[in-house]
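K.L.:
Taken in order, these protein sequences are the chains called E and U. For reference, each letter of the first sequence is one residue, going 5 to 215 in our numbering. For reference, each letter of the second sequence is one residue, going 364 to 586 in our numbering.
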Amino acid sequence: MGFFTMPSDLQHSYLGLIAWHLQLALIPVLVGLLIAVPVGWLCVRFRWLYAPMLGVTTVFYAIPSLAFFVVLIDWTGQSDTTVMIPLTVYTLVVLIPAIIDGVRSVPEETHAAATAMGFGSARRFLQVDLPIAVPAIVAGLRVATVSSISLVSVGALIGDQGALGNLLEDANLYHRPILAWSSVITTAVLAILIDGLLVLLRRLLTPWAAR
Amino acid sequence: MNLFHYLDIFYSSGANWSGANGIPQRLWEHVQYTLLALAVATAIGLPIGLVTGHTGRGGNALAFVATAARALPSFGLLVLLTLLMGLGLTPVMVPLVALAVPPILVTSYEAVRSVDRSLVDAARGMGMGPARVLFQVELPVALPLILSGMRSAAVQIVSTATIAAYVAFGGLGRYIVDGLYQENYAKVVGGATLVAGLALLTLGLFWLAARVFVSPGVRRSAR
């Protein structure tokens with residue numbers, strides 16, 4: 005057992021754990037993004053929705069990840085789904101305000117120009133508001149992704165559903181700190197790499213922004 | 364066996380209300396960890412955020428530190444530090460503080476940066492020195508945002524302090540971790556609702572703090 009050689013009870017190689025970890029962390033972020041965009045549009049279109057939506061998401065954010073996992077076991081069992089549902093909710097909590105604030109910061113003239121060109125509300129949102137809001141949305145995505153990658157490890161507590169987090173249980177069990185080092189360093193490096201990719205994505209999506 | 368049934372078993376059991384493993388004791392431990400971690404994180408994050416926001420320098424370094432601290436997995440850090448240092452308060456506090464510093468640091472920096480420049484110029488024109496500009500103008504105006512950063516830090520601490528129980532520490536997480544091992548779901552679900560309740564209470568307290576401490580003028584202009 006070492007930094008890269010995994011104990012056999014994990015039933016995964018080092019790379020296998022990384023792949024599983026990324027899958028558990030990133031699918032919720034993607035699903036969250038797909039839900040947050042239409043919800044954001046609704047909140048911008050119908051302004052009265054914004055305050056209650058913010059209230060609901062803040063309350064969801066207050067549910068601790070471990071508590072959330074545990075309560076879901078009753079319905080979804082000790083499975084990947086149980087880990088991914090809370091992470092999706094946390095993504096929504098970060099992304100919905102990010103999208104709304106980003107869209108609201110679009111200058112009034114830009115909005116008026118798009119309307120004058122005959123853009124309808126949905127098309128203006130997708131083709132004008134969203135691209136201009138990209139920096140704010142990516143900022144939200146970065147927070148959501150990094151915290152998602154960190155939280156997957158907690159899944160180890162509900163029956164070995166934590167990918168790289170499962171290494172921590174073994175580190176404790178066999179009293180091998182090297183396994184804990186491996187888990188912490190690998191998770192942190194993954195988070196920093198994905199964060200860097202998102203920064204790169206923002207640069208590619210906003211070629212007009214000053215460097 | 365549904366959720367409410369579990370809750371009923373948990374809260375109506377007399378054994379859960381007294382002694383070292385009673386709800387009042389575990390709740391108090393959880394509150395203590397949270398307050399300590401929040402105090403340390405604020406003592407680190409707030410002054411640095413205020414000064415860098417005031418001078419406008421070091422924003423990039425700050426963003427880098429915040430990203431690095433966010434990337435540290437709290438649960439992993441907890442287990443690793445406990446293995447290295449043995450059971451104690453430090454291995455529990457380090458991950459909680461590392462978790463809470465980025466939101467406090469980044470929001471207080473952003474909050475001071477986003478104070479209307481004309482206000483700062485007016486204060487300077489009235490003869491205020493840098494310290495008075497910071498404490499009498501920038502801080503009160505930035506307070507709502509600063510509090511929102513501390514609020515999200517506090518909620519994250521409450522929620523993450525739960526995992527301290529994994530390394531045999533106290534707090535409300537005890538019920539969840541012990542319950543999982545004993546396959547006692549009433550205990551698990553009961554513990555989960557207590558943590559969620561404490562987190563909601565934290566949200567409420569910060570809402571109240573914002574009502575009390577934010578000057579009425581600032582509150583009106585924020586509308």
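From the three backbone atoms N, C-alpha and C, an ideal C-beta is built for every residue, glycine too.
Between GLY610(U) and THR61(E), what straight-line distance do the alpha-carbon atoms span, to the nearest angstrom?
P.N.:
This structure gives no information on residue 610(U), because the portion of chain U shown stretches from 364 to 586.
K.L.:
Applying the 10 Å Cβ sphere with the 16-neighbour rule, what's the burial state of GLU113(E)?
P.N.:
Exposed, since its Cβ has fewer than 16 Cβ neighbours within 10 Å.
K.L.:
Grab the span of the alpha helix (DSSP H) containing GLU392(U) for me, first residue to last.
P.N.:
Where GLU392(U) is concerned, the enclosing alpha helix (DSSP H) stretches over 386-418.
K.L.:
Can you list, in chain order, the residues of the segment 538-550 of chain U whose Cβ is nearer than 9 Å to any Cβ on chain E?
P.N.:
The residues in question are ILE539, VAL540, GLY542, LEU543 and TYR548.
K.L.:
Counting pairs of Cβ atoms below 8 Å between the segment 399-411 of chain U and the segment 455-462 of chain U, do you hit three or more?
P.N.:
Touching, per the Cβ criterion.
K.L.:
By DSSP, does ALA573(U) sit in helix, in strand, or in coil?
P.N.:
Helix at ALA573(U).
K.L.:
Are ILE89(E) and THR80(E) closer than 8 Å when you measure CB to CB?
P.N.:
Yes; because the gap between Cβ atoms is below 8 Å, this pair is in contact.
K.L.:
When you compare the CB of ILE509(U) with every CB in chain E, is at least one pair closer than 8 Å?
P.N.:
Not an interface residue.
K.L.:
Go ahead and label LEU34(E) buried or exposed: buried means 16 or more other beta carbons lie within 10 angstroms of its beta carbon, across all protein chains shown.
P.N.:
Looking at its Cβ environment, which holds fewer than 16 other Cβ atoms inside 10 Å, LEU34(E) is exposed.
K.L.:
Ordered along the chain, which non-local residues of its own chain (more than five positions away) have a Cβ less than 7 Å from that of LEU482(U)?
P.N.:
Closer than 7 Å at Cβ, skipping near neighbours: VAL500 and VAL504.
K.L.:
Quick one: grab the DSSP three-state call for MET57(E).
P.N.:
Helix.
K.L.:
Does any CB atom of chain E fall closer than 8 Å to the CB of PHE532(U)?
P.N.:
Cβ-Cβ to chain E under 8 Å: no for PHE532(U).
K.L.:
Should ALA137(E) and GLY36(E) be called a contact, given that it needs their Cβ atoms to be closer than 8 Å?
P.N.:
Taking 8 Å as the Cβ cut-off, ALA137(E) and GLY36(E) do not qualify as a contacting pair.
K.L.:
Please check if any C-beta of chain E sits within less than 8 Å of the C-beta of ARG480(U).
P.N.:
Judged by the 8 Å Cβ criterion, ARG480(U) is not in contact with chain E.
K.L.:
Report yes or no: is there a C-beta of chain U within less than 8 Å of the C-beta of TRP185(E)?
P.N.:
So yes, TRP185(E) belongs to the interface.
K.L.:
So that I know if they touch, is there some Cβ in chain E lying closer than 8 Å to that of PHE373(U)?
P.N.:
Judged by the 8 Å Cβ criterion, PHE373(U) is not in contact with chain E.
K.L.:
Can you give the Cα-Cα distance for ARG586(U) and ARG51(E), rounded to whole angstroms?
P.N.:
A caution first: ARG586(U) carries a pLDDT of 41, below 50, which makes its placement in the model unreliable, though a value can still be read off. Whole-angstrom Cα-Cα distance: 14 Å.
K.L.:
Flag this pair as yes or no: are the beta carbons of LEU205(E) and VAL142(E) separated by less than 8 Å?
P.N.:
It is a contact, given that the beta carbons lie within the stated cut-off.
K.L.:
Taking only the alpha-carbon atoms, compute the straight-line gap between SER578(U) and ALA55(E) and give it to the nearest angstrom.
P.N.:
Distance between the alpha carbons of SER578(U) and ALA55(E): 22 Å.
K.L.:
Only counting the same chain, and skipping five residues up and downstream in sequence, which positions put a Cβ closer than 8 Å to that of ALA486(U)?
P.N.:
Hits under 8 Å: ARG495, VAL496, GLN499 and VAL500.
K.L.:
Would LEU70(E) and LEU171(E) qualify as a contact pair, given that the criterion is a beta-carbon distance under 8 Å?
P.N.:
Cβ distance not < 8 Å, so LEU70(E) and LEU171(E) don't count as in contact.
K.L.:
So, do the segment 445-452 of chain U and the segment 464-475 of chain U have three or more beta carbon pairs nearer to each other than 8 Å?
P.N.:
At 8 Å Cβ cutoff, the stretches do not touch.
K.L.:
So the candidates are LEU96(E), ILE100(E) and GLN131(E); which of them puts its Cα closest to the Cα of HIS115(E)?
P.N.:
Among LEU96(E), ILE100(E) and GLN131(E), the Cα nearest to that of HIS115(E) is on GLN131(E).
K.L.:
Does the contact criterion of 3 or more C-beta pairs under 8 Å hold for the segment 532-539 of chain U versus the segment 384-397 of chain U?
P.N.:
Yes, the segment 532-539 of chain U touches the segment 384-397 of chain U.
K.L.:
With a threshold of 6 Å on Cβ separation, who are the neighbours of ASP174(E) within its own chain once the five nearest residues in sequence on each side are excluded?
P.N.:
Cβ within range, chain order: PRO11 and LEU183.
K.L.:
Tell me which same chain residues have a C-beta within less than 7 Å of the C-beta of LEU96(E), skipping the five on either side of it?
P.N.:
Result list for LEU96(E): GLY36, ILE39, ALA40 and THR61, in chain order.
K.L.:
From the DSSP output, in three-state form, read off ILE136(E) for me.
P.N.:
Of the three classes helix, strand and coil, the one that applies to ILE136(E) here is helix, per DSSP.
K.L.:
Under DSSP, the alpha helix (DSSP H) around LEU37(E) begins and ends at which residues?
P.N.:
Where LEU37(E) is concerned, the enclosing alpha helix (DSSP H) stretches over 18-49.
K.L.:
DSSP on PHE498(U), reduced to helix/strand/coil?
P.N.:
Note: PHE498(U) maps to helix in three-state DSSP.
K.L.:
Taking ARG108(E) as the reference, give the member of GLY169(E), ASP133(E), SER151(E) and VAL156(E) with the closest Cα.
P.N.:
Checking every option, the nearest Cα to that of ARG108(E) belongs to ASP133(E).
K.L.:
Among residues of its own chain, excluding the 5 on either side of VAL469(U), which ones have a beta-carbon nearer than 6 Å to its beta-carbon?
P.N.:
ALA429.
K.L.:
What did DSSP end up calling PRO11(E) once you bin it into helix, strand or coil?
P.N.:
Coil at PRO11(E), not helix or strand.
K.L.:
Classify SER477(U) as helix, strand or coil using the three-state DSSP reduction.
P.N.:
If DSSP states are grouped into helix, strand and coil, SER477(U) belongs with coil.
K.L.:
Would you mind listing the alpha helix (DSSP H) stretches within the segment 431-460 of chain U that are 4+ residues and don't spill past its ends, in chain order?
P.N.:
Complete alpha helix (DSSP H) runs here, min 4: 437-448.
K.L.:
Give me, in chain order, the residues of the same chain whose beta-carbon lies closer than 8 Å to that of VAL530(U); leave out the 5 immediate sequence neighbours on both sides.
P.N.:
Correct list, in chain order: LEU441, VAL442, THR445, LEU450, PRO454 and VAL455.
K.L.:
Is the shortest distance between the beta-carbon of THR92(E) and the beta-carbons of chain U less than 8 Å?
P.N.:
Not closer than 8 Å to any Cβ of chain U, the Cβ of THR92(E) fails to qualify, so no.
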